[in-house]
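Below is one structure, written out as structure tokens, with a few remarks after it.
Protein chains: 2
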Amino acid sequence: MALLARARELEATGRSIVHLEIGEPDFPTAAPILAAGQRALAEGRTRYTAAAGLPELRQAISDHYRERYGVEVPARRILITPGASGALQLATAATIDPGDRVLLADPGYPCNRQFVRLVEGEAVGVPVGPETGYQLTADLVDRHWDERTTVVLLASPANPTGTVLPPQDLAALVTTVEARGGRVIMDEIYHGLVYGAPIQTALAYSERVWVVNSFSKYYGMTGWRLGWLVAPEAGVGAAEKLAQNLFLAASTPAQYAALAAFTPKAAAIFAERRREFQARRDFLLPALRELGFEIPITPDGAFYLYADCGRFTDDSQAFALHLLENAGVAITPGLDFGDHQPNRHVRFAYTNAILCLAEGVERLREALRG
Amino acid sequence: MALLARARELEATGRSIVHLEIGEPDFPTAAPILAAGQRALAEGRTRYTAAAGLPELRQAISDHYRERYGVEVPARRILITPGASGALQLATAATIDPGDRVLLADPGYPCNRQFVRLVEGEAVGVPVGPETGYQLTADLVDRHWDERTTVVLLASPANPTGTVLPPQDLAALVTTVEARGGRVIMDEIYHGLVYGAPIQTALAYSERVWVVNSFSKYYGMTGWRLGWLVAPEAGVGAAEKLAQNLFLAASTPAQYAALAAFTPKAAAIFAERRREFQARRDFLLPALRELGFEIPITPDGAFYLYADCGRFTDDSQAFALHLLENAGVAITPGLDFGDHQPNRHVRFAYTNAILCLAEGVERLREALRG
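Chains as they are written, first to last, in the numbering used here: chain Z, -4 to 365; chain W, -4 to 365.
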């Protein structure tokens, strides 16, 4: 955050900054969705929806699970939320009691820990590295489980590492957690942005997982603030009541706009953008390795590369600030993502055209040589 | 909620239901705001804003405090939130620690208690009645304060009672709470919808209060989910960080649309709607009294009448269901608003044209005669 503010300051003075720190796709919302949003406003669709969301949008998402994953998820288990944030908040509030231990990968998305803390749960970061693809494993869960542990929070593709859980690993994780009587909360907000073997939703392996998803990343609707939660049958009532209390409902115009996300026209745009992200990864990954950043495994999803910068520094925060000031390249230091070796890691986001990535790489080359 | 579901069921079978239970203005979003929203989409304004919101919208709200209340509130203390819900969540999370006692009026808006509970605070309903205008008083705060009490949550105009805190009473409350080292969280979401003497924002009496407001009610933007929080100078940083973690930012198109809420054209529409609400109150209040409902004081704000139905029943829940089934009139039983005499109270909302209110009154007359 401080780094982003400093980047803006520098830009205000006329400095050119290459942004490799931004966790938001650079593409505008796709035209069919914009058009649907404008139509919704023209039709005056501005009053509250039900707390669980528009029935037709919940049904569209249910259809999506059947068509894309071959998984039956009835619409009644799907709640529309204000962004994935709203879904995460419902899932954590519904499953975590004060004092409960919640296991998550470290490094990981920082807000996840905050949601756990908000309900007085104890967020326990489990150090992960390249040997497990920066993901939790059934074995790690076994080793860190104790009698106060109740929930395991997974993310695939993950932020900041961009790594995915292969289907069999995900299945083993879900089985292990549930065999211990625990619950899985699964963050799938980067689903769709996958560049290797196909991945599967956790819903394929259990009807008891809580799945968080979003229209922000793959569907390019960040500023609209729209996501969804899939709750287990037994948790739907509680989640709906929580939604009613915590945010009443998600944005009505956004929900109508999102209906267009499931049209063939929009799907073609998303597929094209996915290919563009893949091309960026395929450009940036070898370029960073060549500069001396260690990225031991190829991240197959999202739009992040998590790099070991130990060859250059033992203080990634100072390193990132140095690169910003001297090379005009903004990246995110590891500290934002946890306590496990943050000082020797930085995150690169490829939410920028290849031309800009190339410029960033050249600037880095120059700065790291000096 | 169960009652609303039953009302929808009856309507689905073709029954005509007069809705006097809905806490949402029946007016569509004003045309200038809709147009601004469409313009924002046409311009592709769909990416995240800063967590605290659009600078120009924060400034417009700051100007609004100066022009309407004569109070200086710098834009940096104003955070744009996803509805008043988001603002309430920030305010409660920032001020309440686990175990803290929080005083609120009973009856009151039920979600307020939920936000307190979410952060493991203890929501203490203080019974209020007509003798204090259904509002807390400095004296009530004194009597219910103890060493674990840290926050007092006020609302004016209030839901479900529609009553307002006169400026001098509000000033006394703020002074009393702060003299005890406590914090005031002030819900002002029905400001603007006031039909008696002008009221004042709590910000006029202290720079330490947390004020929650919304574009939903007076500004008619319910489904857009947009509100704001005014934080004390010392709390801005914490609130901004919480916002970043809990919801990233409020809806971008909604924020651009809301800029039009401060134009003269929109203001004229809001003033006209305020007059219409006042006319409805002036129709419904004497009509209900004449039927035998006791409404001992004239509520001067919002769009609610909170009525003692003790003459008809000692079970307002069964009474409301009876009226729904037999008269086709939907009202809200007291149980939704707290523990203080809920069984002899019901809430009427005048979010419906006078013609419909008149039809509702006639149906009630018929049903109560039988």
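Note that CB positions come from ideal geometry on N, CA and C, so glycine has one too.
Every value quoted in this text rests on a predicted model; they were computed, and no experiment measured them.
If you draw a straight line from the C-alpha of residue i to the C-alpha of residue j, how long is it?
| i | j | result |
| --- | --- | --- |
| G18 (chain W) | N208 (chain Z) | 30 angstroms |
| I180 (chain Z) | E202 (chain Z) | 12 angstroms |
| D309 (chain W) | D334 (chain W) | 14 angstroms |
| L330 (chain Z) | G103 (chain Z) | 10 angstroms |
| F314 (chain W) | R42 (chain Z) | 29 angstroms |
| T217 (chain Z) | F210 (chain Z) | 7 angstroms |
| G323 (chain Z) | A2 (chain Z) | 8 angstroms |
| I326 (chain Z) | L319 (chain Z) | 8 angstroms |
| L280 (chain W) | T196 (chain W) | 26 angstroms |
| F398 (chain W) | N107 (chain W) | Given a span of -4 to 365 for chain W in the structure shown, any question on residue 398 (chain W) remains unanswerable. |
| A362 (chain W) | F343 (chain W) | 16 angstroms |
| I73 (chain W) | Q163 (chain Z) | 48 angstroms |
| F272 (chain Z) | S11 (chain W) | 54 angstroms |
| A282 (chain Z) | V356 (chain Z) | 7 angstroms |
| T346 (chain W) | P259 (chain Z) | 40 angstroms |
| G128 (chain Z) | V169 (chain Z) | 17 angstroms |
| Q312 (chain W) | Q84 (chain W) | 29 angstroms |
| E115 (chain Z) | E115 (chain W) | 8 angstroms |
| E142 (chain Z) | P291 (chain W) | 56 angstroms |
| E228 (chain Z) | V68 (chain Z) | 10 angstroms |
| V13 (chain W) | E16 (chain Z) | 54 angstroms |
| L316 (chain Z) | L(-2) (chain Z) | 7 angstroms |
| Y190 (chain Z) | F332 (chain Z) | 23 angstroms |
Can the beta-carbon of residue i be found less than 8 angstroms from the beta-carbon of residue j?
| i | j | result |
| --- | --- | --- |
| R360 (chain Z) | D303 (chain Z) | no |
| D92 (chain Z) | G120 (chain Z) | no |
| V159 (chain Z) | I194 (chain Z) | yes |
| Y214 (chain W) | A35 (chain W) | no |
| I28 (chain Z) | A348 (chain Z) | no |
| G81 (chain W) | F257 (chain W) | no |
| T247 (chain Z) | R40 (chain Z) | yes |
| R138 (chain W) | E117 (chain W) | no |
| A88 (chain Z) | L350 (chain W) | no |
| G296 (chain Z) | P152 (chain Z) | yes |
| R275 (chain W) | L352 (chain W) | yes |
Taking Cβ-Cβ distances shorter than 9 angstroms, what residues in chain Z pair up with residue i?
| i | result |
| --- | --- |
| V119 (chain W) | Simply none; closest approach about 18 angstroms. |
Along chain Z, which residues have their Cβ under 7 angstroms away from the Cβ of residue i?
| i | result |
| --- | --- |
| A249 (chain W) | S246 |
| G9 (chain W) | Within chain Z, no residue comes near G9 (chain W); the closest Cβ sits about 20 angstroms away, beyond 7 angstroms. |
| E19 (chain W) | R42 and Y43 |
| L36 (chain W) | L29, G32 and Q33 |
In chain W, which residues lie with their C-beta within 7 angstroms of the C-beta of residue i?
| i | result |
| --- | --- |
| V114 (chain Z) | L113 |
| S80 (chain Z) | L241, F242 and L243 |
| P23 (chain Z) | G39 and T41 |
| A88 (chain Z) | L113 |
| T132 (chain Z) | Those within 7 angstroms of T132 (chain Z) in chain W number zero; the least Cβ separation is about 27 angstroms. |
Using CA atoms only, rank isn't needed, just tell me which of the options is closest to residue i.
| i | options | result |
| --- | --- | --- |
| V111 (chain Z) | Z:T90, Z:Q130, Z:V123 and Z:G124 | Z:T90 |
| W219 (chain W) | W:A263, W:A238, W:A249 and W:Y200 | W:A249 |
| E289 (chain Z) | Z:P77, Z:P125 and Z:L(-1) | Z:P125 |
| L178 (chain W) | W:V189, W:G230 and W:G191 | Sequence inspection shows Arg at residue 178 (chain W); the Leu mentioned does not correspond to that position. Ranking the options by Cα distance to R178 (chain W), first place goes to W:G230. |
| N240 (chain Z) | Z:H14, Z:Q33, Z:P23 and Z:A47 | Z:A47 |
| T132 (chain Z) | Z:A118, Z:V97 and Z:T171 | Z:T171 |
| A166 (chain W) | W:V225, W:E228, W:L224 and W:L198 | W:L198 |
| I75 (chain W) | W:I292, W:R276, W:A244 and W:R284 | W:A244 |
| A435 (chain W) | W:A253, W:V13 and W:R71 | Here chain W has residues from -4 to 365 only, and residue 435 (chain W) is not among them. |
| Q109 (chain Z) | Z:R143, Z:L148 and Z:L350 | Z:L148 |
| A150 (chain W) | W:P122, W:A266, W:D141 and W:V206 | W:V206 |
| P144 (chain Z) | Z:L99, Z:L300 and Z:F332 | Checking the displayed sequence, the identity of residue 144 (chain Z) turns out to be Thr instead of Pro. Of the listed residues, the one whose Cα sits closest to T144 (chain Z) is Z:L99. |
| A25 (chain Z) | Z:F298, Z:F265, Z:I292 and Z:L316 | Z:F265 |
| A262 (chain Z) | Z:G9, Z:H59, Z:L(-2) and Z:R276 | Z:H59 |
| L286 (chain Z) | Z:T293, Z:G296 and Z:R358 | Z:R358 |
| P77 (chain W) | W:R268, W:L221 and W:Y190 | W:L221 |
| Q336 (chain Z) | Z:P122, Z:W223, Z:G157 and Z:F307 | Z:P122 |
Taking 7 angstroms as the cut-off, is the CB of residue i close to at least one heavy atom of the ligand ATP?
| i | result |
| --- | --- |
| A244 (chain Z) | With respect to the ligand ATP, the structure shown offers nothing to examine, as it has no ligands at all. |
What does residue i reach in chain Z if we use C-beta pairs closer than 8 angstroms?
| i | result |
| --- | --- |
| P93 (chain W) | P93 and E115 |
| W205 (chain W) | Within 8 angstroms Cβ-Cβ: nothing; W205 (chain W) doesn't reach chain Z, min ~17 angstroms. |
Under 8 angstroms between beta-carbons, which chain W residues line up against residue i? List them in chain order, please.
| i | result |
| --- | --- |
| T346 (chain Z) | Those do not exist, as T346 (chain Z) stays about 11 angstroms from chain W at its closest Cβ, beyond 8 angstroms. |
| E271 (chain Z) | Near E271 (chain Z) there are no residues of chain W at all, since even the closest Cβ is about 17 angstroms away, more than 8 angstroms. |
In the DSSP output, what is residue i paired with across the bridge?
| i | result |
| --- | --- |
| G222 (chain W) | W:T76 and W:S209 |
| R269 (chain W) | Note: R269 (chain W) sits in no beta bridge, so no partner. |
| A282 (chain Z) | Its beta-bridge partners do not exist; DSSP assigns none. |
| M181 (chain Z) | Z:L149 and Z:V206 |
| D303 (chain W) | W:E289 and W:H340 |
Which bits of chain W does residue i rub up against, with CB to CB less than 9 angstroms?
| i | result |
| --- | --- |
| C351 (chain Z) | The premise fails here: C351 (chain Z) is roughly 16 angstroms from chain W at the closest Cβ pair, so nothing lies under 9 angstroms. |
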